[in-house]
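> Got a structure for you, questions after.
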Amino acid sequence: MIRHSPSDVPRLIDGESPKLIALTATYGLHVLKVTDYNCIDEGDEPNWSTACSDGWSVERTDIIWWAYADEVRELLESTPNN
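Residue numbers (my numbering): 776 to 857.
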């Protein structure tokens with residue numbers, strides 16, 4: 776699993792990101808998707824719009840780190856049960 780910083784841009788498929796697990800400063804750990812991404816100039820910091828698992832949005836500036844949910848699932852499934 777690779778933890779990404781908020782400045783890393785998730786890949787988009789048909790305008791949305793795959794499910795992400797994000798640690799946020801305000802709400803803790805949540806599942807979300809990037810539903811919109813725009814950047815005026817190549818050097819600009821991108822703006823994200825997100826949809827959270829609980830039906831509200833999260834500002835990119837509130838995200839501490841994020842990871843692809845499928846990578847988190849693979850990591851958990853590969854961990855032996857004791």
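We put the beta carbon where it would ideally sit given N, CA and C, even for glycine.
In terms of DSSP beta bridges, what is Ala797 paired with?
His805, Trp841
> Ile888 and Val847: beta carbons closer than 7 Å?
As shown, the chain starts at 776 and ends at 857. That puts residue 888 outside it, with no answer to give.
> Does the distance from the C-beta atom of Lys794 to that of Ala842 stay below 7 Å?
no
> Given a cut-off of 7 Å on the beta-carbon distance, is the pair Ser940 and Pro785 in contact?
Here the chain has residues from 776 to 857 only, and residue 940 is not among them.
> For Glu791, name the three-state secondary structure that DSSP assigns.
strand
> Between Ile839 and Thr799, how many whole angstroms is the CB-CB distance? I'm expecting something under 8 Å.
7 Å
> How many angstroms separate the CA atom of His805 from the CA atom of Val833?
10 Å
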